[in-house]
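Chains as they are written, first to last, in my numbering: chain A, 1 to 288; chain B, 289 to 560.
For every residue, glycine included, the Cβ atom is placed at its ideal position computed from N, Cα and C.
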Amino acid sequence: MRGQVPRKTILSFIGPAVLGLAIVGIAPLLYAIWTSLHFYNLTQLRRVEFIGLQNYWDVLTDEAFWQAMSRTFFLLGTALPLQIALGLGIALVLHQPGLTILKTLARLSLVLPMATTYAVVGLLGQVMFNQKFGVVNQLMGGADINWIGDPQNAFVMIIFWDVWQWTPFVALVLLAGLTMVPGEIEEAARLETKSKWTVLRYVQLPFLLPGLVAVLILRTADTLKLFDMVFTLTRGGPGASTEFISLLIQRVGFRAFDQGLASAQAIILLIVTIVLAQIYIRVFYKEV
Amino acid sequence: MTSTRSLWSQIALLAIIIAICVFPFYWMVTTSLKTQVVALEAPPVWLFEPTLNNYREALFEDGVLRTLMNSLIIAVCTTLLALILGVPAAFALARFEFRGKKDLWFWFITNRMVSPIVLALPFFLIARNLGLLDKHITLILIYLTFNLPIVIWIVTDQFRGIPYDLDEAARLEGASQFTIMRKICLPLAMPGVAVSAIFSFIFSWNELMFGLVLTRSEAKTAPAMAVSFMEGYNLPYGKIMATSTLIVIPVLIFALIASKQLVRGLTMGAVK
Numbered sequence: 001m002r003g004q005v006p007r008k009t010i011l012s013f014i015g016p017a018v019l020g021l022a023i024v025g026i027a028p029l030l031y032a033i034w035t036s037l038h039f040y041n042l043t044q045l046r047r048v049e050f051i052g053l054q055n056y057w058d059v060l061t062d063e064a065f066w067q068a069m070s071r072t073f074f075l076l077g078t079a080l081p082l083q084i085a086l087g088l089g090i091a092l093v094l095h096q097p098g099l100t101i102l103k104t105l106a107r108l109s110l111v112l113p114m115a116t117t118y119a120v121v122g123l124l125g126q127v128m129f130n131q132k133f134g135v136v137n138q139l140m141g142g143a144d145i146n147w148i149g150d151p152q153n154a155f156v157m158i159i160f161w162d163v164w165q166w167t168p169f170v171a172l173v174l175l176a177g178l179t180m181v182p183g184e185i186e187e188a189a190r191l192e193t194k195s196k197w198t199v200l201r202y203v204q205l206p207f208l209l210p211g212l213v214a215v216l217i218l219r220t221a222d223t224l225k226l227f228d229m230v231f232t233l234t235r236g237g238p239g240a241s242t243e244f245i246s247l248l249i250q251r252v253g254f255r256a257f258d259q260g261l262a263s264a265q266a267i268i269l270l271i272v273t274i275v276l277a278q279i280y281i282r283v284f285y286k287e288v
Numbered sequence: 289m290t291s292t293r294s295l296w297s298q299i300a301l302l303a304i305i306i307a308i309c310v311f312p313f314y315w316m317v318t319t320s321l322k323t324q325v326v327a328l329e330a331p332p333v334w335l336f337e338p339t340l341n342n343y344r345e346a347l348f349e350d351g352v353l354r355t356l357m358n359s360l361i362i363a364v365c366t367t368l369l370a371l372i373l374g375v376p377a378a379f380a381l382a383r384f385e386f387r388g389k390k391d392l393w394f395w396f397i398t399n400r401m402v403s404p405i406v407l408a409l410p411f412f413l414i415a416r417n418l419g420l421l422d423k424h425i426t427l428i429l430i431y432l433t434f435n436l437p438i439v440i441w442i443v444t445d446q447f448r449g450i451p452y453d454l455d456e457a458a459r460l461e462g463a464s465q466f467t468i469m470r471k472i473c474l475p476l477a478m479p480g481v482a483v484s485a486i487f488s489f490i491f492s493w494n495e496l497m498f499g500l501v502l503t504r505s506e507a508k509t510a511p512a513m514a515v516s517f518m519e520g521y522n523l524p525y526g527k528i529m530a531t532s533t534l535i536v537i538p539v540l541i542f543a544l545i546a547s548k549q550l551v552r553g554l555t556m557g558a559v560k
């Protein structure tokens with residue numbers, strides 16, 4: 001019989017981990033809630049006072065907050081379709097038979113971008129996209145594009161690096177899905193029809209869905225978390241053109257020193273994250 | 289069956305994929321071997337006389353070596369701690385039935401989704417009040433928020449794959465659950481433990497935001513160091529790329545070792 005274990009034994013196995021995560025994960029959150037209910041500025045620590053929900057009201061009526069939020073979802077909305085389209089293309093190429101050595105090589109090189117330190121990606125961006133001595137402008141035939149200093153170009157550059165770093169991830173997840181299709185079924189389908197599209201839509205897609213759901217959930221979470229790469233590349237600028245939600249909170253908390261307001265923003269971000277996670281899990285995991 | 293033309297187009301596509309993935313690394317390494325004068329040439333030069341000066345200066349004059357050591361100490365310690373706490377929890381999740389198991393599971397997954405800035409704010413204040421700013425232990429502890437879920441998830445999966453009969457046999461001999469875990473299941477689960485350790489190491493090593501917010505000099509991590517070169521007007525691009533190369537090479541090696549499991553690890557909790 002499985003699971004006939006005394007409670008004390010279970011607790012001794014699970015307790016340390018739960019306690020550990022409670023100390024580093026839950027306690028700080030409670031402290032953040034406390035901070036968010038106070039006027040708490042690092043430059044005026046004598047004046048910490050309880051102000052109720054004032055910070056939350058300030059956040060919810062703050063245009064900068066909503067702009068950062070919509071900017072974040074705009075990035076997700078542009079980068080994710082690109083990643084899925086390119087990733088699917090790469091997965092289909094890698095799934096074809098033959099050329100084993102070259103494909104192994106391709107699969108190994110796909111691993112590199114997603115393991116790269118995010119901060120280093122940002123630094124690389126600074127070097128490669130520099131207007132004067134950057135290699136990107138050179139490769140574009142001696143173009144003279146100001147990537148980092150122009151709001152729109154900077155956003156395009158962020159999309160580029162996000163796509164560079166995470167398309168391989170999408171490709172490898174989808175490739176794993178493609179290899180789950182039973183060989184006989186795929187071959188039978190190919191005898192029936194010449195259209196690759198039909199095979200993809202009716203035979204392979206059902207096997208790709210769980211992977212696509214995972215990609216959607218994780219890319220959403222990671223875009224809400226996005227900080228390191230953008231911070232090293234543009235610091236959210238020029239202006240606020242690449243200031244995504246995590247960058248905004250960092251700036252308010254550590255460069256404007258308003259910990260109370262930043263905590264309120266963080267708590268709202270946390271609520272958005274949890275609600276999104278719940279919706280995704282409810283909607284998709286029932287169908288898949 | 290495949291015609292020559294489609295074979296060639298396939299080769300071309302694969303070559304493009306590889307080139308796009310690898311080119312930034314090529315550019316990083318070559319820039320790191322340029323003197324400042326060569327690095328600032330416009331348009332950029334592809335052929336030049338390489339020098340290791342940037343590495344020497346970064347490592348020994350600017351203290352990058354120390355920050356690399358800090359990163360190493362922190363990543364190794366937090367990984368060990370995550371294993372010590374996480375492996376027994378994973379064993380319980382895989383082997384025992386108890387109330388609240390699903391909620392516990394959801395909690396672990398949610399930890400993977402939460403933006404680090406949400407924790408960075410309160411952790412900064414708490415660490416400041418307790419005098420724990422710029423200490424290794426602070427980062428070691430806070431990195432548990434993402435390492436522990438990874439370890440628990442991967443190792444639980446691994447424990448589930450071990451036949452229950454083995455436990456049963458040992459229990460009839462009178463072994464305690466702890467002995468069963470340590471003597472019977474753990475040796476068989478070693479591949480999963482190793483992979484989760486690699487992940488935990490990579491994520492801790494790569495982390496920037498907590499390092500930036502919670503350290504100043506004593507415990508400064510390598511990514512935070514690389515970023516601090518970005519201040520001022522005349523940026524030392526060669527040195528920045530040398531530091532970047534030093535940071536990235538260990539993780540790339542680890543990632544290639546664990547490449548088969550990388551996707552599973554990154555989709556943690558989202559794909560069954």
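In DSSP terms, what residue i is bridged to
i: residue 258 of chain A; result: A/41
i: residue 49 of chain A; result: A/39
Contacts of residue i in chain B (Cβ-Cβ under 7 angstroms)
i: residue 113 of chain A; result: 309
i: residue 246 of chain A; result: 403, 405
i: residue 303 of chain A; result: Outside the modelled stretch of chain A, which goes from 1 to 288, sits residue 303 of chain A, for which no answer is possible.
i: residue 59 of chain A; result: The premise fails here: residue 59 of chain A is roughly 13 angstroms from chain B at the closest Cβ pair, so nothing lies under 7 angstroms.
i: residue 20 of chain A; result: 373, 432, 436
i: residue 228 of chain A; result: 496, 497
CB contact flag (residue i, residue j, <8 angstroms)
i: residue 437 of chain B; j: residue 497 of chain B; result: no
i: residue 215 of chain A; j: residue 384 of chain B; result: no
i: residue 53 of chain A; j: residue 514 of chain B; result: no
i: residue 39 of chain A; j: residue 51 of chain A; result: yes
i: residue 555 of chain B; j: residue 359 of chain B; result: no
i: residue 165 of chain A; j: residue 147 of chain A; result: no
i: residue 377 of chain B; j: residue 133 of chain A; result: no
i: residue 8 of chain A; j: residue 302 of chain B; result: no
i: residue 503 of chain B; j: residue 422 of chain B; result: yes
i: residue 266 of chain A; j: residue 32 of chain A; result: yes
i: residue 228 of chain A; j: residue 106 of chain A; result: no
i: residue 199 of chain A; j: residue 189 of chain A; result: yes
i: residue 309 of chain B; j: residue 379 of chain B; result: no
i: residue 232 of chain A; j: residue 154 of chain A; result: no
Contact set between residue i and chain B, taken where Cβ atoms lie within less than 8 angstroms
i: residue 109 of chain A; result: 305, 306, 309, 310
i: residue 128 of chain A; result: 312, 315
i: residue 320 of chain A; result: This structure cannot settle anything about residue 320 of chain A, because the visible part of chain A is limited to 1 through 288.
Residue i (DSSP reduced to helix, strand or coil)
i: residue 273 of chain B; result: Since the first and last residues shown for chain B are 289 and 560, residue 273 of chain B lies out of range.
i: residue 391 of chain B; result: helix
i: residue 96 of chain A; result: coil
i: residue 187 of chain A; result: helix
i: residue 450 of chain B; result: coil
i: residue 133 of chain A; result: coil
i: residue 12 of chain A; result: helix
i: residue 147 of chain A; result: coil
i: residue 350 of chain B; result: coil
i: residue 480 of chain B; result: helix
i: residue 161 of chain A; result: helix
i: residue 327 of chain B; result: helix
Proximal chain A residues relative to residue i, where beta-carbon distance stays under 7 angstroms
i: residue 483 of chain B; result: In chain order: nothing, as chain A lies at least about 13 angstroms away.
i: residue 580 of chain B; result: Outside the displayed range of chain B (289 to 560) lies residue 580 of chain B, so it cannot be described from this structure.
i: residue 386 of chain B; result: 10
i: residue 345 of chain B; result: Simply none; closest approach about 17 angstroms.
Proximal chain A residues relative to residue i, where beta-carbon distance stays under 8 angstroms
i: residue 547 of chain B; result: 107, 108, 111
Chain-ordered neighbours of residue i on chain B, where CB pairs are closer than 9 angstroms
i: residue 249 of chain A; result: 403, 405, 406, 408, 409
beta-carbon residue i near the ligand ADP non-hydrogen atom, thresh 7 angstroms
i: residue 137 of chain A; result: What this structure holds is no ligand at all, so the ligand ADP is not there to describe.
Chain A contact residues for residue i, given Cβ-Cβ distances below 9 angstroms
i: residue 341 of chain B; result: Simply none; closest approach about 17 angstroms.
Practice task
Taking 8 angstroms as the threshold, find out whether the segment 508-528 of chain B comes into contact with the segment 307-327 of chain B through three or more Cβ pairs.
Solution key: yes
Exercise for the section: Would you check if there are 3 or more beta carbon pairs closer than 8 angstroms linking the segment 148-166 of chain A to the segment 346-357 of chain B? Expected result: no
Practice task
Evaluate the contact criterion for the segment 458-469 of chain B versus the segment 421-428 of chain B: three or more CB pairs, one atom per stretch, below 8 angstroms.
Solution key: no
Problem - Segment contact flag, the segment 336-355 of chain B with the segment 135-145 of chain A, C-beta cutoff 8 angstroms, min 3 pairs - result: no
Exercise for the section: Please confirm if the segment 292-311 of chain B is in contact with the segment 89-100 of chain A, defined as three or more CB-CB distances below 8 angstroms between the two stretches. Expected result: yes
Handout entry: the segment 408-418 of chain B touching the segment 252-266 of chain A, judged by at least three CB pairs closer than 8 angstroms
Key = yes
Handout entry: Cβ contact (3+ pairs, closer than 8 angstroms) linking the segment 85-94 of chain A and the segment 166-180 of chain A
Key = yes
Practice task
Spell out a yes or no on whether the segment 474-488 of chain B and the segment 200-207 of chain A are touching, meaning 3 or more CB-CB pairs, one atom from each, closer than 8 angstroms.
Solution key: no
Handout entry: the segment 431-445 of chain B touching the segment 355-374 of chain B, judged by at least three CB pairs closer than 8 angstroms
Key = yes
Handout entry: Touching by the beta-carbon criterion (3+ pairs, under 8 angstroms), the segment 125-137 of chain A and the segment 241-253 of chain A
Key = no
Exercise for the section: Check whether the segment 9-28 of chain A touches the segment 382-402 of chain B, counting contact only when three or more Cβ pairs, one atom from each stretch, lie closer than 8 angstroms. Expected result: yes
Practice task
Examine the Cβ distances between the segment 235-245 of chain A and the segment 181-195 of chain A and report whether three or more of them are shorter than 8 angstroms.
Solution key: no
Exercise for the section: Indicate whether the contact test is met: 3 or more Cβ pairs, each with one atom in the segment 529-541 of chain B and one in the segment 485-500 of chain B, closer than 8 angstroms. Expected result: yes
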